[in-house]
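**Q** I have a structure I would like to understand better, so I am pasting it below and will then ask my questions one at a time.
Numbering (the numbering used here), first residue to last: 887 to 996.
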């Protein structure tokens, strides 16, 4: 009977020492990748006209921008927006040589 009690005491101390709070976030390097978040997060929703509202969203995103409807814009505005979306061309730098007008002989007398 005494051996059973001592065995139980030893086993409970080992169990108490080996318990850890292990969950899905212990070894996370990036954000937790879940399909469904339990909590809903406050997020800013930006309409195409620039107005913003706060909504609850199921993922922790800072801001959500709704796309512009190009069919409702005038031709001038549409061209301006499409021009902004295109990548800017790279500037070509010409390696122009600078004319050297320095005369070394002029400073020989000093």
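Quick reminder that beta carbons are idealized off the backbone N, C-alpha and C, glycines included.
(1) Would you mind stating whether residue 954 and residue 934 have Cβ atoms separated by less than 9 Å?
(2) Would you kindly work out how many angstroms separate the C-alpha atoms of residue 996 and residue 987, rounded to a whole number?
(3) Using DSSP with H/G/I as helix, E/B as strand and the rest coil, what is residue 992?
(4) Look up residue 951 in the DSSP assignment and say whether it is helix, strand or coil.
(5) Rounded to whole angstroms, what is the Cα-Cα separation between residue 961 and residue 930?
(6) Hey, how far is the Cα of residue 943 from the Cα of residue 926?
(7) Whose CA, out of 992, 920, 967, 985, lies closest to the CA of residue 946?
(8) Ordered along the chain, which non-local residues of its own chain (more than five positions away) have a Cβ less than 7 Å from that of residue 951?
(9) To the nearest angstrom, how far is the alpha carbon of residue 937 from that of residue 976?
(10) Helix, strand or coil, according to DSSP, for residue 941 in the structure here?
**A** Well, looking at it:
(1) For this step, residue 954 is matched to residue 68 along the chain shown. For this step, residue 934 is matched to residue 48 along the chain shown. Annotated as proximal: residue 954 and residue 934, with beta-carbon spacing under 9 Å.
(2) Here residue 996 is taken as the residue at index 110 of the chain shown, counted from 1. Here residue 987 is taken as the residue at index 101 of the chain shown, counted from 1. Cα to Cα, residue 996 sits roughly 19 Å from residue 987.
(3) Numbered from 1 along the chain shown, position 106 holds the residue referred to as residue 992. Residue 992: helix per DSSP, three-state reduction.
(4) Here residue 951 refers to the residue found at position 65 of the chain shown. It is a strand residue.
(5) The residue labelled residue 961 in the question sits at position 75 within the chain shown. The residue labelled residue 930 in the question sits at position 44 within the chain shown. Distance between the alpha carbons of residue 961 and residue 930 is about 30 Å.
(6) Taking the chain shown and counting its residues from 1, one reaches residue 943 at position 57. Taking the chain shown and counting its residues from 1, one reaches residue 926 at position 40. Near 5 Å, if we compare the C-alpha coordinates of residue 926 and residue 943.
(7) Mapped onto the chain shown, residue 946 falls at position 60. When only C-alpha atoms are compared, the closest one is 920.
(8) Within the chain shown, numbered from 1, the residue matching residue 951 stands at position 65. Counting only Cβ-Cβ distances below 7 Å, and skipping sequence neighbours, we find 932.
(9) One-based indexing of the chain shown puts residue 937 at position 51. One-based indexing of the chain shown puts residue 976 at position 90. Approximately 34 Å between the Cα atoms of the pair.
(10) As a first step, residue 941 must be located in the chain shown, where it is residue number 55. Note: residue 941 maps to strand in three-state DSSP.
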